[in-house]
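Numbering follows the working numbering, with no gaps: position 20 of the sequence shown is 113. The C-beta atom is built at its ideal place from N, Cα and C for all residues, glycine as well.
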Amino acid sequence: MKRATREQERAQRRYQRRRIKLPVSLRTDDGQSSDGSASDISAGGMRLSTVAEFAIGTRGLAQISIPSGEQVRTPIEIVWREAGLDATITYGVHFQNLGSSERFALF
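Here's what the structure looks like:
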């Protein structure tokens, strides 16, 4: 799949992004789990970096640790992936049904 240019990505974004790194625990619907780091968080999703292998289309539950000590839990779907130079893989993660209280906690 061809990756969009940065300008195309910005034009396609529906939500303002918050540039912050937060710890994330991810558990997929098939039982796989991994810890990683979230960045570029918006009301629509986040960028997730982890060493775990997930296929595009994988669904599950993300638990995001925010600075206040709260845990934001939301259903997710992996929508793109990009391998790094090291063992880290970066994923585009779409939030499924992010509630207003979870959205408020993230922003």
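Burial state of residue i, where buried means 16 or more other Cβ atoms lie within 10 Å
i      : result
GLY124 : exposed
ARG140 : buried
GLY129 : buried
ILE149 : exposed
PHE188 : buried
GLY192 : exposed
GLY162 : exposed
Helix, strand or coil at residue i [DSSP, three-state]
i      : result
ALA131 : strand
GLU146 : coil
ALA198 : helix
Nearest candidate by alpha-carbon position, reference residue i, set the options
i      : options                        : result
ILE134 : VAL165, GLU146, THR151, SER126 : VAL165
ILE171 : THR143, GLU195, ALA198, ILE159 : THR143
LYS114 : GLU163, ALA131, SER127         : ALA131
TRP173 : ALA198, PRO160, ALA136, THR151 : THR151
SER126 : PHE147, ALA136, ARG112         : PHE147
ALA257 : GLY153, ALA145, PHE197         : Outside the shown range of the chain (94 to 200) lies residue 257, about which nothing can therefore be said.
PHE197 : PRO116, LEU119, ALA136         : ALA136
Per DSSP, cross-strand counterpart(s) of residue i
i      : result
PRO160 : According to DSSP, which records beta bridges pairwise, PRO160 is partnered with nothing at all.
ILE169 : GLY153, PHE188
SER126 : ARG120
Spatial distance of residue i from residue j (CA atoms)
i      : j      : result
ASP122 : VAL186 : 14 Å
GLY138 : LEU178 : 24 Å
ALA155 : GLU175 : 19 Å
THR183 : PRO168 : 18 Å
LEU199 : ILE159 : 7 Å
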